[in-house]
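One structure is given below, encoded as structure tokens.
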């Protein structure tokens with residue numbers, strides 16, 4: 466009788482352990498959101514990288530800044546007329562590199578003198594991209610409030626919201642690209658901010674879905 470009870474106890478413990486292993490690593494959207502943590506770190510680093518060249522150049526570290534500009538040029542045109550500059554000796558701090566013009570300014574200089582004589586140092590990417598990356602970070606900071614209490618499967622917003630967020634940037638960028646009009650930096654920043662804020666709500670659930678099982682398994686093995 467004692468042996469039978471012991472075997473039954475071992476069987477029940479094994480069954481409970483197997484059931485525990487089959488549970489999803491992240492039942493609720495905000496529990497163990499490893500993808501969210503990685504996303505925040507990545508966006509903090511990338512936002513720092515696109516701002517750093519201007520600050521480094523203003524501090525006289527051109528040997529570091531210039532390679533960074535060149536590397537970021539692979540992701541962005543860096544046109545002066547569509548970019549923002551850092552003005553360390555001006556009360557404006559961040560402003561348009563050049564005054565709004567009807568024509569395009571095709572040169573790609575990193576250091577630009579404004580009309581008022583203050584020297585501005587161009588940020589690593591254009592004004593639209595700056596807004597996209599900044600709001601991709603800000604949107605991610607709001608994501609936990611959206612995800613709290615939701616089941617992992619219900620975290621994905623409806624695709625229509627992503628399409629609506631894409632519409633302004635598509636219209637603004639598309640009409641500019643085909644030559645119907647020239648946009649302004651303010652419009653570029655607004656349309657970039659809209660799509661940038663929306664993207665984390667679709668990217669973070671995907672990253673959690675991919676990373677939670679992997680990191681969860683690693684943590685379980687460490688705890689053993």
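Residue numbers (the numbering used here): 466 to 689. Every residue gets a Cβ at the ideal spot worked out from N, C-alpha and C, and that includes glycine. All values derive from a computational prediction rather than experimental measurement.
Following the DSSP letters along the chain, one finds residue 515 inside the alpha helix (DSSP H) bounded by residues 499 to 523. Here residue 670 is not near residue 605, since their CB atoms are 8 Å or more apart. Under DSSP, residue 552 shares a beta bridge with 558. The residues 637, in chain order, have a CB closer than 7 Å to that of residue 652 in the same chain once the five nearest residues on each side in sequence are set aside.
When beta bridges are read from the DSSP output, residue 591 appears opposite 548. Distances from the CA of residue 635 to each of 593, 603, 601 were compared; the closest alpha carbon is that of 593. Here DSSP, grouped into helix, strand and coil, assigns residue 640 to helix. A direct Cα-to-Cα measurement between residue 598 and residue 683 gives close to 31 Å. A contact between stretches requires three or more CB pairs, one per stretch, nearer than 8 Å, and the region 497 to 509 fails this requirement with the region 529 to 542.
Spanning the alpha carbons of residue 685 and residue 679 requires a straight line of approximately 10 Å. Here the alpha carbon of residue 549 sits roughly 5 Å from the alpha carbon of residue 561.
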